[in-house]
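In this note's numbering, the protein residues as written are 23 to 443.
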């Protein structure tokens, strides 16, 4: 029985093997994990669809594999179950596509024809659009993660085709590969292979930065009373096994603000050219891990208690740091918060997590002299930066949003922090 990589979800066509948990000759059971695959920012276990003996392993740690690729051959005792619909689809794709698809990839000034089993990575909506207008996606340079083709890539390609036609020239080729520099000419260097997570971060941040017109709205919020409330209630929360933090409080406060300022809880559908306003508030929280930045998502923040948010935040942060967070837990966010206060950062300008419309950066709170009721007082002021997509919101929208956020943080009374049971 040939065990191939199944589909892992929309947009999850490839991954890097981080561990092989079986060896040839092993007796394994159905649903036993065979390998762990790093896809996007998550590490996903790939289970065996049947029991049997491992006859041959066809991949190794570090390999980048695609949907439909052979993982291992399993010797199965007794009758083999009929293939599932998903397995039939994979087999059909491999057979059909491998016989006719090729890609032209420029390498150091020359082109190498490479077989493409499933064609270029692209969403179904992009594939449909390409079919409707007669575009061969193999000729489109993808700027997304792993070369994934985005709506903007298709528009750029069509524009270049039109320019070439107007000049009577040929169709555009893929963009040239960046020149590799030998830094050792100037002194000793150390090279380290870019991890799958860092590649994902690199591709996604580049895509966000180059396709979203960023604008930044700065302000400060008085968190003096908020910190006093945390001190007042933290012992009760600790008895429940959770830690009450500034991030927990800000999550809940921001959820209420987003309900009143829906433009910052929206996304731009670039294909349909529509603004999608979400009725839900799913907030991603940036987590600093040894492998790199990860952003697990807390769903329906506006509906949850502070205790529930504290528990979920701690659980997701731990899973992110141990690389046990699932791909699903990293998806579906409608807004993101990045808090550098614990590290000691001040103001910073975070990059929006596409396809979201905004991200809030929190710095470290510091005592500052503030005029209150005609008197100068020492208050703890929290640096804020709201990065937003100027295609969706304007400066006046952002000013009103951050004004209300500052007022909500400074005026929070903490009644909902009280635990009754």
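For each residue, glycine too, the CB sits at the ideal point set by N, CA and C.
As the structure is a computational prediction, the values presented were derived from the model and not from experiment.
Local conformation of residue i per DSSP, three classes
{"i": "residue 304", "result": "coil"}
{"i": "residue 153", "result": "helix"}
{"i": "residue 239", "result": "strand"}
{"i": "residue 49", "result": "strand"}
{"i": "residue 258", "result": "helix"}
{"i": "residue 389", "result": "strand"}
{"i": "residue 97", "result": "strand"}
{"i": "residue 372", "result": "coil"}
{"i": "residue 382", "result": "strand"}
{"i": "residue 173", "result": "helix"}
{"i": "residue 395", "result": "coil"}
{"i": "residue 273", "result": "helix"}
{"i": "residue 23", "result": "coil"}
{"i": "residue 86", "result": "strand"}
{"i": "residue 367", "result": "coil"}
{"i": "residue 218", "result": "helix"}
{"i": "residue 224", "result": "helix"}
{"i": "residue 124", "result": "Legend: pLDDT at residue 124 = 40, less than 50; position of this residue unreliable, no value from coordinates given."}
{"i": "residue 267", "result": "coil"}
{"i": "residue 112", "result": "Unreliable positioning characterises residue 112 in this predicted model, as indicated by a pLDDT of 49, which lies under 50. The coordinate reading is nonetheless provided below. Helix."}
Distance CB(residue i)-CB(residue j) smaller than 7 Å
{"i": "residue 273", "j": "residue 309", "result": "no"}
{"i": "residue 342", "j": "residue 316", "result": "yes"}
{"i": "residue 64", "j": "residue 349", "result": "yes"}
{"i": "residue 391", "j": "residue 351", "result": "no"}
{"i": "residue 407", "j": "residue 240", "result": "yes"}
{"i": "residue 417", "j": "residue 386", "result": "no"}
{"i": "residue 237", "j": "residue 410", "result": "yes"}
{"i": "residue 40", "j": "residue 60", "result": "yes"}
{"i": "residue 375", "j": "residue 358", "result": "yes"}
{"i": "residue 81", "j": "residue 93", "result": "yes"}
{"i": "residue 171", "j": "residue 178", "result": "no"}
Burial state of residue i (16 or more Cβ within 10 Å)
{"i": "residue 307", "result": "buried"}
{"i": "residue 441", "result": "exposed"}
{"i": "residue 233", "result": "buried"}
{"i": "residue 43", "result": "exposed"}
{"i": "residue 360", "result": "buried"}
{"i": "residue 301", "result": "exposed"}
{"i": "residue 429", "result": "exposed"}
{"i": "residue 193", "result": "Residue placement at residue 193 is poorly supported in this model, since its pLDDT is 45, which falls under 50; the coordinates are not used for a value here."}
Spatially closest choice to residue i from the options, by CA coordinates
{"i": "residue 354", "options": "92, 412 and 288", "result": "288"}
{"i": "residue 23", "options": "47, 77 and 38", "result": "77"}
{"i": "residue 299", "options": "70, 98, 415 and 425", "result": "415"}
{"i": "residue 253", "options": "439, 286 and 55", "result": "439"}
{"i": "residue 419", "options": "82, 286, 162 and 93", "result": "286"}
{"i": "residue 165", "options": "155, 219, 83 and 176", "result": "176"}
{"i": "residue 221", "options": "259, 204, 262 and 169", "result": "169"}
{"i": "residue 382", "options": "55, 174, 205 and 279", "result": "279"}
>> Going residue by residue through the segment 407 to 438, where are the continuous alpha helix (DSSP H) segments of at least 4 residues, counting only ones entirely within it?
In response: Taken in chain order, the complete alpha helix (DSSP H) segments of 4 or more residues contained in the segment 407 to 438 are 417 to 432.
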